[in-house]
Amino acid sequence: MPTECTSTAMTFARVDGRAVVADFDGRVLTSDAGALLLGAIRSA
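Everything in the sequence shown is counted per this note's numbering, starting at 560 for the first residue and increasing by one.
This is how it looks when you write it as structure tokens:
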């Protein structure tokens with residue numbers, strides 16, 4: 560089965576007035592990004 564990829568950026572709630580955006584262009588990577596997704600799921 561082929562991998563499904565997206566290049567669409569995901570936006571999250573602002574934190575202290577700053578935008579929180581996850582994009583998938585492959586430039587800067589972090590292992591902490593999963594915490595953003597879990598937080599968004601918990602508040603949904």
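Every residue gets a Cβ at the ideal spot worked out from N, C-alpha and C, and that includes glycine. Since this is a predicted model, take the numbers as computed values, not measurements.
Taking C-alpha positions only, A594 is separated from P561 by approximately 26 Å.
With distances taken between CA atoms, I600 lies nearest to A572 out of A572, C564, S566. In this structure, the beta-carbon distance from A581 to A568 falls below 8 Å. Straight across, the Cα-Cα distance linking T589 with L597 is about 15 Å.
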